[in-house]
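Protein chains in written order, with the numbering used here: chain S, 102 to 381; chain F, 102 to 381.
The C-beta atom is built at its ideal place from N, Cα and C for all residues, glycine as well.
Number of protein chains: 2
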Amino acid sequence: MEIKHVCILGAGTLGSRIGFQAALSGFWVKIYDIKEESFILSQKMISKIAKGLFAAETYSKDEIAAALNRLSYTLNDEEAVAEADIISESVTEDLALKQQVWARMAQIAPEKTIFTTNTSYLLPSSLAAFTGRPTRFCAFHFHDVFYSKIVDIMPHPETDAELIPILDDFGKRLKQVPVLVKKENHGYLFNAMLLSFLGAAGKLLVNEVATIEDIDKSWMVNFHAPMGPFAILDSIGLDTAWHVTHQLPDANSKAFAALLKTYVDAGKLGEKSGEGFYRY
Amino acid sequence: MEIKHVCILGAGTLGSRIGFQAALSGFWVKIYDIKEESFILSQKMISKIAKGLFAAETYSKDEIAAALNRLSYTLNDEEAVAEADIISESVTEDLALKQQVWARMAQIAPEKTIFTTNTSYLLPSSLAAFTGRPTRFCAFHFHDVFYSKIVDIMPHPETDAELIPILDDFGKRLKQVPVLVKKENHGYLFNAMLLSFLGAAGKLLVNEVATIEDIDKSWMVNFHAPMGPFAILDSIGLDTAWHVTHQLPDANSKAFAALLKTYVDAGKLGEKSGEGFYRY
Chain S
102 MEIKHVCILG
112 AGTLGSRIGF
122 QAALSGFWVK
132 IYDIKEESFI
142 LSQKMISKIA
152 KGLFAAETYS
162 KDEIAAALNR
172 LSYTLNDEEA
182 VAEADIISES
192 VTEDLALKQQ
202 VWARMAQIAP
212 EKTIFTTNTS
222 YLLPSSLAAF
232 TGRPTRFCAF
242 HFHDVFYSKI
252 VDIMPHPETD
262 AELIPILDDF
272 GKRLKQVPVL
282 VKKENHGYLF
292 NAMLLSFLGA
302 AGKLLVNEVA
312 TIEDIDKSWM
322 VNFHAPMGPF
332 AILDSIGLDT
342 AWHVTHQLPD
352 ANSKAFAALL
362 KTYVDAGKLG
372 EKSGEGFYRY
Chain F
102 MEIKHVCILG
112 AGTLGSRIGF
122 QAALSGFWVK
132 IYDIKEESFI
142 LSQKMISKIA
152 KGLFAAETYS
162 KDEIAAALNR
172 LSYTLNDEEA
182 VAEADIISES
192 VTEDLALKQQ
202 VWARMAQIAP
212 EKTIFTTNTS
222 YLLPSSLAAF
232 TGRPTRFCAF
242 HFHDVFYSKI
252 VDIMPHPETD
262 AELIPILDDF
272 GKRLKQVPVL
282 VKKENHGYLF
292 NAMLLSFLGA
302 AGKLLVNEVA
312 TIEDIDKSWM
322 VNFHAPMGPF
332 AILDSIGLDT
342 AWHVTHQLPD
352 ANSKAFAALL
362 KTYVDAGKLG
372 EKSGEGFYRY
């Protein structure tokens with residue numbers, strides 16, 4: 102099958118970025134959301150990304166204009182999916198809400214449509230039964246589309262194996278590097294490694310082995326990396342970091358979560374609030 | 102106190118690199134070893150590094166020649182330490198051997214000499230009693246001197262606090278980035294983070310969540326990093342990786358150690374043998 106029409110569910114940060122890249126890659130894109138205000142924010146985000154891509158000479162003005170011409174917004178879900186060859190769902194990370202959205206899509210989407218979820222933390226098997234087409238449903242998870250260009254293809258046990266090469270090809274056409282997560286795994290591939298590494302840094306800090314700066318230096322200088330673990334946590338957001346960490350069972354994670362909580366309670370959420378472990 | 106004369110114990114890879122950088126930084130360096138063959142290997146290594154530094158325009162030919170003029174080898178330990186302001190010990194990673202070496206230094210080194218160990222895995226407190234001067238003894242741990250320029254300063258409980266700024270300054274003069282490990286910690290700062298991250302990658306592999314290549318891609322593309330975890334393991338050496346991993350108590354580490362063992366048994370040790378997870 103050939104993918105031409107893409108339906109994005111949810112006009113948030115990721116939905117907008119995926120939608121814009123799809124349009125840049127030549128697909129016809131419809132972005133659906135329940136709130137008109139989301140579209141204004143989405144257009145602002147896309148406009149900012151477009152400026153960056155033009156400045157970096159990744160795309161010309163004409164290419165960007167053509168992409169914007171292929172992208173439209175709608176509050177009507179039936180219109181959004183009417184022609185869709187594939188759906189990429191980026192609605193709020195809430196299990197009940199996502200189940201409800203997929204139950205609705207099961208009713209209104211054409212038979213041809215491939216269903217994919219961009220969920221960060223849920224497993225596709227928790228949604229599959231609601232899609233009405235579990236064999237044609239798969240997690241297809243983007244990182245940030247324009248800088249970290251990995252897309253995780255993560256089937257659930259019922260996903261049709263024939264879907265994998267189709268998504269692999271689609272991912273490449275979206276300028277991503279597709280990787281296959283052969284069985285369901287919370288956090289796909291990258292988060293498992295990232296969380297272990299950040300947790301080890303947190304353990305060093307809460308055990309007062311070294312300062313934030315020295316722990317970061319140790320990582321950055323050894324790996325010639327632009328950021329150390331605490332700068333990465335600031336960029337992720339300390340509220341998000343706390344949310345993940347406080348659910349982990351071990352004593353070191355609990356202690357690190359307690360430390361993160363003091364930052365969050367003080368309004369220090371990282372880059373987005375102007376201060377976290379560092380000031381911005 | 103001013104450091105002018107440096108004594109290196111052990112003419113292996115790290116001893117040679119530390120000694121050569123010290124000579125490049127203007128110090129007078131004596132490298133001691135028990136085997137004359139070590140000196141020939143050491144000179145070959147240093148000659149190779151010198152070529153690289155000259156090619157990269159880090160040092161001129163004259164600077165390199167002057168450095169080589171400040172560096173000498175000796176099989177006589179009394180001569181090696183006679184003028185030493187500081188000792189950097191890089192002998193084989195064997196507790197009893199290191200204890201024996203420090204007991205000997207306690208007898209023959211001048212009173213002024215600062216004692217440091219470059220141990221990777223041992224704690225300085227396991228050697229302190231043998232030095233005869235525990236307050237003037239500290240771990241001072243290099244990574245590879247020329248690419249990963251972190252030096253860990255890790256005191257044991259009896260180390261005199263006044264030693265820290267002296268080592269910090271000495272580290273900077275050796276073109277390193279000094280970091281303070283405030284209390285003894287196995288693996289200093291970096292290894293704790295590295296092992297967690299590599300362990301998480303190993304867990305993904307042994308649980309058959311993804312291929313070696315896809316796990317590496319996920320890390321590299323997300324972080325724009327030159328190497329993923331399995332390429333890093335190949336560069337560390339799979340024998341060393343097995344040695345560390347098989348001592349860890351958890352089931353995932355045990356499973357990963359068993360996998361590493363199959364590579365080691367097949368002679369696939371990573372970069373140094375021409376094949377590990379990848380071919381070189």
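Contact with chain S is absent for F:E259, since none of that chain's Cβ atoms lies less than 9 Å from the residue's Cβ. Scanning the segment 318–348 of chain F for uninterrupted beta strand (DSSP E) segments of 3 residues or longer gives nothing; none is fully contained.
At least one CB atom of chain F sits nearer than 9 Å to the CB of S:N308. For F:K131, the enclosing beta strand (DSSP E) starts and ends at W129 to Y133. By the Cβ test, the segment 205–218 of chain F is in contact with the segment 181–189 of chain F, since at least three Cβ pairs between them sit closer than 8 Å.
Judged by DSSP in its simplified three-state form, S:A262 adopts coil rather than helix or strand. A straight line joining the alpha-carbon of S:S173 with that of S:V107 spans about 11 Å.
Under the three-state reduction of DSSP output, S:P350 falls in the coil class, being neither helix nor strand.
Excluding five sequence positions before and after F:D335, the CB atoms of its chain that fall closer than 7 Å to its own CB belong to G371, E372, G377, F378 and Y379, given in chain order. Straight-line spacing of the CA atoms in F:S117 and F:D134 works out to 11 Å.
The bridge partners DSSP lists for S:H242 are S:D253.
Sequence-ordered contacts of the segment 193–212 of chain S with chain F are nonexistent [C-beta pairs closer than 7 Å]. Across the set F:Y381, F:K276 and F:L115, the C-alpha of F:L115 shows the shortest separation from the C-alpha of F:D245. S:P225 is positioned such that its CB atom lies closer than 9 Å to that of S:T260. For a Cβ distance threshold of 8 Å, residue set S297, F298, G300 and A301 of chain F lies close to S:S297, ordered along the chain. Residue pairing from DSSP places S:Y174 in a beta bridge opposite S:I132.
Sequence-distant partners of S:K145 (beyond 5 residues in either direction) whose C-beta falls short of 7 Å from its own C-beta are missing from its chain. Following the DSSP letters along the chain, one finds S:L115 inside the alpha helix (DSSP H) bounded by residues T114 to L125. For F:L110, the enclosing beta strand (DSSP E) covers residues H106 to L110. By the rule that beta-carbons nearer than 9 Å mark a contact, S:K162 does not touch chain F. Taking each of S:K318, S:Y248 and S:P266 in turn and checking the Cα distance to S:M255, the smallest one comes out for S:P266. For F:N177, no chain S residue has a C-beta closer than 7 Å to its own C-beta; the minimum C-beta separation is roughly 36 Å.
Listed along the chain, the chain S residues whose CB falls inside 7 Å of the CB of F:W320 are F291 and M294. Where S:L281 is concerned, the enclosing beta strand (DSSP E) starts and stops at V278 to L281. Secondary structure note for S:F216: its beta strand (DSSP E) is the uninterrupted segment I215 to T218.
Counting the other Cβ atoms within 10 Å of the Cβ of S:A123 gives 16 or more, which makes it buried. Contact note: F:V282 reaches chain S through V310 and A311, using a C-beta cutoff of 7 Å and chain order. F:S161 counts as exposed, since fewer than 16 other beta carbons sit within 10 angstroms of its beta carbon. About 34 Å separates the CB atoms of S:V280 and F:D253; that is not less than 8 Å, and the two are not in contact. Note that the segment 301–310 of chain S does not touch the segment 264–278 of chain S; fewer than 3 beta-carbon pairs, one per stretch, sit closer than 8 Å. DSSP places F:S148 in the uninterrupted alpha helix (DSSP H) bounded by E137 to A156. Interface with chain S (9 Å Cβ-Cβ cutoff): F:I132 is excluded. Apart from sequence neighbours up to five positions away, the residues of its chain that approach F:L339 with a beta-carbon distance below 7 Å are L361, Y364, V365, K369, L370, G371 and G377, ordered along the chain.
Boundaries of the alpha helix (DSSP H) harbouring S:S297: F291 to V307, taken from the DSSP string.
Judged by DSSP in its simplified three-state form, S:R274 adopts helix. In summary, F:I132 is buried, with 16 or more beta-carbon neighbours lying within 10 Å of its beta-carbon over all protein chains present.
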